[in-house]
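Enquirer: These protein sequences, in sequence, are chains A and B. Mapping of the first sequence onto the numbering used here: position 20 corresponds to residue 89, and the numbering continues sequentially without gaps. Mapping of the second sequence onto the numbering used here: position 96 corresponds to residue 783, and the numbering continues sequentially without gaps. Every residue, glycine too, gets a C-beta built ideally from N, C-alpha and C. From a predicted model like this one, the values you see are computed outputs, not experimental measurements.
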Amino acid sequence: NAGVTQTPKFRILKIGQSMTLQCTQDMNHNYMYWYRQDPGMGLKLIYYSVGAGITDKGEVPNGYNVSRSTTEDFPLRLELAAPSQTSVYFCASSYWTESGNTIYFGEGSWLTVV
Amino acid sequence: EDKVVQSPLSLVVHEGDTVTLNCSYEVTNFRSLLWYKQEKKAPTFLFMLTSSGIEKKSGRLSSILDKKELFSILNITATQTGDSAVYLCAEGGATNKLIFGTGTLLAVQP
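1. Let me know the secondary structure DSSP gives proline 770 of chain B once reduced to three states.
2. Mind pulling the chain B residues with CB within less than 8 Å of isoleucine 88 of chain A?
3. Classify methionine 735 of chain B as buried or exposed, calling it buried when 16 or more other Cβ atoms lie within 10 Å of its own Cβ.
4. Thinking just about the alpha-carbon of each residue, which of A/Ser138, A/Tyr116, A/Tyr164 and A/Leu145 is nearest to the one in histidine 98 of chain A?
5. Are glutamine 94 of chain A and serine 178 of chain A close, meaning C-beta to C-beta below 7 Å?
6. Going along the chain, which residues of the segment 719-747 of chain B sit with their C-beta nearer than 7 Å to a C-beta in chain A?
7. Run down chain A in chain order and give the residues with a C-beta less than 7 Å from the C-beta of phenylalanine 787 of chain B.
8. Could you tell me which of A/Ser87, A/Met101, A/Thr89 and A/Gly85 sits nearest to phenylalanine 784 of chain B, measuring between CA atoms?
9. Can you give me the start and stop residues for the beta strand (DSSP E) that lysine 126 of chain A sits inside?
10. With DSSP as the reference, please indicate the residues paired to arginine 137 of chain A in a beta bridge.
11. Can you find a CB in chain A that lies within less than 7 Å of the CB of lysine 754 of chain B?
12. Tell me leucine 785 of chain B's beta-bridge partners as DSSP assigns them.
13. DSSP three-state call for glutamine 94 of chain A: helix, strand or coil?
14. What do you get for phenylalanine 732 of chain B, buried or exposed, if any count of 16 or more other CB atoms within 10 angstroms of its CB means buried?
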């Protein structure tokens, strides 16, 4: 009953370091997303993917990269970490019906850049 | 630009009170309106609304959509301290993305 699994749960980075947040889902969903949520704010879409091999930018893509080589995995790469990237990151996956989109979230990754 | 606006931003009530949370939206190609509850971790799904005037209900929570006036409300009756959370609404648009509002922080005091 795994659903969406993201790692690590917590990480402290120094300015300029790089890291990858891992995300995997076992529901065979085509759609996957990365959101960030700053304190007291809503969710902002970083990147999303509608299927293996296809990715697209969301609202706040600068400073991030993604890849989608398989249906299951959607890692988020931070290059040259900056304090502005301190946030909680949520990976999510979804399936679409004619009515809309039901999205399932991972438990979040708390990232601090110092 | 598509947007989702929630009000109030925060709300403090006492146990047993009834609360109404508001969500208005301006989007092209509306598809569905979703409500989530977020406690300490990831948001959890509450409702998906696609048709005007049809109330969705789950226990003490209910929600309804007005597609003419472009808003939805989430009602919680007989609130409990366990209802304390951030409530998010989102529009599940035709562009494969979900557009979230900033959320309403609900605090239920004993």
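Expert: The relevant details are as follows:
1. The sequence given here has aspartate at residue 770 of chain B, not proline. Aspartate 770 of chain B: helix per DSSP, three-state reduction.
2. The identity of residue 88 of chain A in the sequence shown is methionine, whereas the question assumes isoleucine. By Cβ distance, chain B contributes nothing, its closest Cβ being about 20 Å from methionine 88 of chain A, past 8 Å.
3. buried
4. A/Tyr164
5. The answer is no: Cβ separation not under 7 Å.
6. Ser719, Lys728, Ala729, Pro730, Phe732, Met735 and Thr737
7. Gly111 and Leu112
8. With the sequence shown as reference, residue 784 of chain B is identified as lysine, and phenylalanine is not the correct amino acid for it. Distance check between lysine 784 of chain B and each of A/Ser87, A/Met101, A/Thr89 and A/Gly85 places A/Met101 closest, using alpha-carbon atoms only.
9. Start and end: 123-126.
10. In the DSSP output, where bridge partners are listed per residue, arginine 137 of chain A has none listed.
11. no
12. B/Gly779
13. strand
14. exposed
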